[in-house]
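*Asks:*
There are 2 protein chains.
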Amino acid sequence: MAKRLAVAASDALKADGLRIAELDTSGRPGFVGDKKAGTELLAKRALVLSDLQEKLYANGRSGDKRSVLLVLQGMDTAGKGGIVRHVIGSVDPQGVDHAAFGVPTPEEKRHHFLWRIRKALPRAGQLGVFDRSHYEDVLVVRVHNLVPSTEWEPRYDEINAFERELVDEGVTLVKVAMFVSLDEQKKRLAERLERPDKYWKFNAADIDERAFWPAYQAAYQTMLDRTSTAYAPWHVLPADHKWYSRLAVTELLIEALERLELDWPPATFDVEEQRRRLAQA
Amino acid sequence: MAKRLAVAASDALKADGLRIAELDTSGRPGFVGDKKAGTELLAKRALVLSDLQEKLYANGRSGDKRSVLLVLQGMDTAGKGGIVRHVIGSVDPQGVDHAAFGVPTPEEKRHHFLWRIRKALPRAGQLGVFDRSHYEDVLVVRVHNLVPSTEWEPRYDEINAFERELVDEGVTLVKVAMFVSLDEQKKRLAERLERPDKYWKFNAADIDERAFWPAYQAAYQTMLDRTSTAYAPWHVLPADHKWYSRLAVTELLIEALERLELDWPPATFDVEEQRRRLAQA
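Going line by line, the protein sequences match chains A and B. For the record, in the first sequence the residue sitting at position 253 is 1164 according to my numbering, with numbers rising by one throughout. For the record, in the second sequence the residue sitting at position 7 is 918 according to my numbering, with numbers rising by one throughout.
1) Identify each residue in the region 1075-1105 of chain A for which the Cβ-Cβ distance to at least one residue of chain B is less than 8 Å, and report them in chain order.
2) For A:D1119, which three-state DSSP category applies?
3) Checking contacts by CB at 7 Å: is A:R972 closer than that to chain B?
4) Mapping DSSP to helix, strand and coil, what is A:S937?
5) Whether or not the region 1014-1034 of chain B and the region 1122-1133 of chain B are in contact is what I'm after, with contact meaning three or more pairs of Cβ atoms, one per stretch, closer than 8 Å; do they touch?
6) Is there a C-beta anywhere in chain A that falls below 7 Å from the one on B:W1111?
7) What three-state label does DSSP hand A:S978 in the structure shown?
8) Kindly list the residues whose CB is nearer than 6 Å to the CB of B:A989, restricted to its own chain and excluding five residues on each side of it in sequence; keep chain order.
9) Residues in the region 1152-1177 of chain B with C-beta within 8 Å of chain A's C-beta atoms, listed in sequence order?
10) Who are the neighbours of B:R996 on chain A, taking C-beta pairs under 8 Å?
11) Quick one: residues in its chain with C-beta nearer than 8 Å to the C-beta of A:M912, no 5 flanking neighbours on either side, listed in chain order?
12) Expressed to the nearest angstrom, what Euclidean distance is found between the alpha-carbon atoms of A:D975 and B:R1137?
13) Counting beta carbon pairs with one atom in the region 1098-1118 of chain B and one in the region 987-1003 of chain B, are three or more of them shorter than 8 Å?
14) Going straight from the alpha carbon of A:L1173 to that of A:G1036, what length do you get?
15) Taking only beta-carbon atoms, is A:A1192 less than 7 Å away from chain B?
16) Nearest CA to the CA of A:A969: which residue from B:F1073, B:W1111, B:L1104, B:V959?
17) Relative to the ligand ATP, is the shortest distance from any of its heavy atoms to the C-beta of B:A1122 smaller than 6 Å?
18) Let me know the alpha helix (DSSP H) ranges lying completely inside the region 1077-1153 of chain A, each 4 residues or longer, listed in chain order.
19) Across which residues does DSSP place A:D1042 in a beta bridge pair?
20) Just the Cα atoms here: how many angstroms apart are B:I1118 and A:L1025?
21) Could you check how far apart the C-beta atoms of A:V1040 and A:H997 are, in whole angstroms? I think they sit under 8 Å.
22) How many angstroms separate the CA atom of A:D1042 from the CA atom of A:L1050?
23) Determine the burial state of B:V1085: buried for a count of at least 16 other Cβ atoms within 10 Å of its Cβ, exposed for fewer.
24) So B:A917 packs on B:G941, CB below 8 Å; how close in whole Å?
25) Cα separation between A:M1134 and B:W1154?
26) Cβ of A:F1180 less than 7 Å from any chain B Cβ?
27) Starting from the beta carbon of B:H1196, find every residue of chain A whose beta carbon is closer than 7 Å, and list them in chain order.
28) By how many angstroms is the C-alpha of A:R930 removed from the C-alpha of B:K1109?
29) Rounded to the nearest angstrom, what separates B:A1129 and B:T936 at their Cα positions?
30) Please say whether B:I994 and B:V1147 have beta carbons closer to each other than 7 Å?
31) Given this structure, state the Cα-to-Cα distance separating A:D1003 from A:E965, to the nearest angstrom.
32) I'd like to confirm the pairing. Which residues does DSSP put opposite A:K925 in its beta bridges?
33) A:V1087 and A:V982 look like a contact to me (Cβ under 8 Å); what is the Cβ gap, rounded to whole Å?
34) Measuring only the C-alpha atoms, how far is A:S973 from A:F1180?
35) What's the C-alpha gap between B:V1082 and B:A1143?
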């Protein structure tokens, strides 16, 4: 059985030069094996992720300012929520800073588009997760002309500058754009209309959005072309197979955490002395 | 094998009339079975908890204002973090609002003691967790005379009024006070001094606090006597056995969620119509 992805997930999912119109959303780049093998592997790798996350947390509690931020983007039903539940759900909730970004509130609308984002950044030592993000402001906003192009056009550069700043402050960004096919989306929406325990997830507007698919594809393409940087690269995730998506994001997070070369924080006290004190207390 | 606790966890862990000085912290009230049986049962009950939490979340997304708030109190090493990791860790992180309360910041100190608590209350449909809480203000504050008694004494009544308000707003409070023996605490602190992967959890001040054990017991006793109300009762959890603590808190949360009689939110749209629309989209 595969011990891990055949190649590093970050290589397999590289966004550079990729045309998403040509993406095989049912692909499983970097992984050799079927659903069963993938699911078994995920269970094992989740433990590795959990250990690394605990080290990040431990260092955060010991003065290390670094953090990791998973940014999830994708059309409705792409499986962002499933990533949060099944990947982030495998680590200690104490170490997770989760934020979901919906339609901006009236208050948020009165501020710069990065205002609400800055407020939700992960604290030191935390694994942050953004379910949607600042990228909504060059995706849905662009597709529906919610602001004039003179306003959204400069945002690509603003986002790059913002992310440069985050990286300089010690935030490792793991940006993942999830793509399902139009057919797979139809299947997943249909399921929400078939199962009464899924009705609450259904939103009639999601059907309307399907008419804008080509516009979204173009917006996503520009996003990848203009905001996949060396310091904060995008990963393009074929997401028709949920088990594969979860495994791939787990691998991306493991890679990111391994690059931090975390160790357990050393004792900041005299261990022997404290043992003696404890023996008498 | 036991299918669940032999009696409802809320009955087994009732605080009313209980003298904590006489508590057997190695007890496992309400449960018949050993560690192996308890651990197996926990794995099953975690799935039940996760399903109920998803219903709470679904209803929250559909206009229901209710939420559940787990309040964890206990001396150092009592296992509060383990409850968060292993019990709350079994549900979807999207539905969890976690807050840990340490020494108040200078800003927090300038405000009423409930100020920081109110800011951290769970949103509608969320499972909130307080790792320490407003009760610190009648525990550590009282034991160390951080404010005069004329200031902390009225807090019991203030807390009761505050919690009454929360309950009226739809927050179900699950208050759990965890108790380990002085010996068990010594063992757990010793472990933090033996394992380099645990050094970061060690705090020399925790040893100093052991001298205040009787004062803490008295403060906990008064807390239970004065703030265990019909609308927000305390549960007293013998916590020497971590597996039992986790199982018991899981059961308390399941009970609390079951009392909400949650069902999947009904469709707010014409299902047939949406199916037709989707077929054509």
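Positions of the beta carbon are idealized from the N, C-alpha and C atoms, including for glycine. Since this is a predicted model, take the numbers as computed values, not measurements.
*Replies:* The structure says:
1) K1097, L1100, A1101, L1104
2) helix
3) yes
4) coil
5) no
6) yes
7) strand
8) M1089, V1091, A1150
9) W1175, P1176, P1177
10) D1003, P1004, Q1005
11) Only weak support is given to the placement of A:M912: the predicted model assigns it a pLDDT of 43, under 50, and the question is left unresolved by the model.
12) 41 Å
13) yes
14) 11 Å
15) yes
16) B:W1111
17) Among the components of this structure there are no ligands whatsoever, and the ligand ATP is therefore not found.
18) 1093-1105, 1115-1120, 1124-1138
19) A:L983, A:A1011
20) 45 Å
21) 12 Å between Cβ atoms; not a contact.
22) 14 Å
23) buried
24) 6 Å
25) 48 Å
26) yes
27) Look at the range of chain B in this structure, 912 to 1192, and you will see that residue 1196 of chain B is not part of it.
28) 47 Å
29) 16 Å
30) no
31) 7 Å
32) A:H1146
33) 7 Å
34) 12 Å
35) 10 Å
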